[in-house]
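Final position of the sequence shown in the working numbering is 141; the numbers increase by one with none missing.
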Amino acid sequence: MKLKISAAIILASTTLSGCIPFYSGYSEANMYAPGGALADKGTGSPLLASATEESVNTMFPKGTSKAVVMQQLGTPMSSSTSSNGTSSQVYTYSFTSYQRKVVQSQTVVMQYDKANLLTRVDFSTSKSTW
């Protein structure tokens, strides 16, 4: 009796496992679609997405307070304070497209004096393809 029940269970599980429907989520087109695992992604401060050195210098002239910069760009990726009281903050935006095989980023380093006023802006951009 136990042998018949065991054989029936094995036969039933073998039959059912062969009937699993195809999962359409594995199609390449769905992976690149918005929300897919390989969809285009942007991270960081959106204000920097289309920024240039000129636009950053126009938005943040020397003497701009650190609070205003943080209000516009959000939380910095990193920040540091030196022993003489000056400080700096790094903001970045990165765009990745697996479909177009490109990674593009804009980075801006803001340097402040002891009074937390902007003294220098360093802007850089990079683009990598594979």
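Idealized CB from N, CA, C, for every residue including glycine.
Quiz item: How many angstroms separate the CA atom of LEU59 from the CA atom of GLN117?
Solution: The residue labelled residue 59 in the question sits at position 48 within the sequence shown. The residue labelled residue 117 in the question sits at position 106 within the sequence shown. Distance between the alpha carbons of LEU59 and GLN117: 6 Å.
Exercise. Can you tell me which of SER38, MET70 and LEU49 puts its alpha carbon nearest to the alpha carbon of MET142?
Key: It is not possible to answer for residue 142, since the shown part of the chain is limited to 12 through 141.
Exercise. Output the boundary residues of the beta strand (DSSP E) element that contains MET158.
Key: Absent from the model: residue 158. The displayed extent of the chain is 12 to 141, so no value can be given.
Self-check item: Whole-angstrom distance between ASN41 and GLY85, CA atom to CA atom
Solution: Position 74 of the sequence shown, counting from 1, holds the residue named residue 85. Position 30 of the sequence shown, counting from 1, holds the residue named residue 41. Roughly 32 Å between the two C-alpha positions.
Practice problem: Can you tell me which of the three DSSP states TYR102 falls into? | Solution: The residue given as residue 102 occupies position 91 in the sequence shown. Here TYR102 sits in strand by DSSP.
Quiz item: Excluding five sequence neighbours on each side, which residues of the same chain lie with their C-beta closer than 6 Å to the C-beta of SER139?
Solution: By one-based count along the sequence shown, residue 139 stands at place 128. Cβ neighbours of SER139 beyond the five flanking positions: VAL114.
Quiz item: Roughly how many angstroms lie between the CA atoms of SER56 and SER38, to the nearest whole one?
Solution: Position 45 of the sequence shown, counting from 1, holds the residue named residue 56. Position 27 of the sequence shown, counting from 1, holds the residue named residue 38. Looking at the two C-alpha atoms, the distance is approximately 32 Å.
Quiz prompt | Per DSSP, cross-strand counterpart(s) of LYS52 | solution = Your numbering for residue 52 matches position 41 in the sequence shown. Paired residue(s): THR107.
Quiz item: Does the separation of the CB atoms of SER91 and SER99 fall below 7 Å?
Solution: In the sequence shown, residue 91 corresponds to position 80, counting from 1. In the sequence shown, residue 99 corresponds to position 88, counting from 1. Their beta carbons are under 7 Å apart, which means SER91 touches SER99 by this criterion.
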